[in-house]
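Sequence order for the protein chains is W and F.
For what it's worth, our numbering labels the leading residue of the first sequence as 442, then goes sequentially.
For what it's worth, our numbering labels the leading residue of the second sequence as 3, then goes sequentially.
All C-beta atoms, glycine included, are put in the ideal place defined by N, C-alpha and C.
Just so we're clear, the structure is a prediction, and the values are computed from it rather than from any experiment.
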Amino acid sequence: DGGITQSPKYLFRKEGQNVTLSCEQNLNHDAMYWYRQDPGQGLRLIYYSQIVNDFQKGDIAEGYSVSREKKESFPLTVTSAQKNPTAFYLCASSIGQRHNEKLFFGSGTQLSVL
Amino acid sequence: GQNIDQPTEMTATEGAIVQINCTYQTSGFNGLFWYQQHAGEAPTFLSYNVLDGLEEKGRFSSFLSRSKGYSYLLLKELQMKDSASYLCAVRDIDYQLIWGAGTKLIIKP
C-alpha cells in the first residue's frame, strides 16, 4: 500500500543535541512538507520541497534543517538552535504544490526534550 | 494578518447532526480544505471547496460562502468514531495553506 512513513513515533532530545526525523513516501509525489503541531495552534509550515535537491523555508524554519536527495525521502533535523522543540511533527506530501491536491500525512513524531 | 477561526471544542450525541464552522480572513482565496485528525494520528482529507455551495460526500458535507469568508462541515448520523479534531485550512493567493487550530468534537452515547 502506498503512503507516508514517519519514524520514530516518539523521540527524546537532550540539551545541545541534534535529532533527525525520518519521512519516506512511496506515492511518487513531487512535493513534500514538514509541519509542526502545538496544542491550541494551527499547523505551522517548517520547510517544503517541490522537487529533488530543492527546498524552501516555511514560516518557522529557524532551528531546523532538511535535505531532499531522493524523491521519496525528506528528513528533518531539529538542531540545538531550536530552543523549544517539544511538539508533534507531521510530514506530508502532495502531487504538486500548485495543484488542487489534498495532502497525505504521515502518522507523526512526538518530540520531547529531556 | 491572515486568520482562520474555528470553535475550540464541541459536544454532540451519537446519531445526531453537528455543524462545525470556520471563518477566514486571508490574502486571496484558492480553496478551502477540511481534514479529520484522531488524537496522535495523521490528519486525513475530508473535503475541498473552491466554489460557493454545498459539497456532499456520504455522511459529511461541506459548505462555502466566499463573500462571507465562511465554511462549515456538517456531520450527520454521528458515530462514536467521529470523535476527533476537525481542521479547516485555506489556500491563499500564493497557494500557501493557512490552518485553523482545529475543533475537537466529542461524541457522547
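Under DSSP, R93(F) shares a beta bridge with L99(F). Annotation for D495(W): the continuous beta strand (DSSP E) segment containing it runs 495-498. Under the Cβ distance rule, E58(F) does not count among the residues neighbouring chain W, no pair being separated by less than 8 angstroms. Distance between W36(F) and G549(W), taken at the CA atoms: about 19 angstroms.
Using a Cβ-Cβ cut-off of 8 angstroms, G443(W) does not count as an interface residue toward chain F, since no Cβ of chain F sits closer than that to its own. Counting other Cβ atoms within 10 Å of its Cβ, R477(W) reaches 16 or more and is therefore classed as buried.
Interface annotation, W101(F): in contact with chain W, CB-CB separation under 8 angstroms. Shown here is that no member of the region 17-28 of chain F has a Cβ falling below 8 angstroms from a Cβ of chain W. At a cut-off of 8 angstroms, the C-beta of A86(F) has no neighbouring C-beta in chain W.
Taking 8 angstroms as the threshold, the shortest C-beta distance from K524(W) to chain F does not fall below it. Shown here, D84(F) sits in a helix according to DSSP, grouped into three states. A528(W) carries a strand assignment under DSSP once its states are collapsed to helix, strand and coil.
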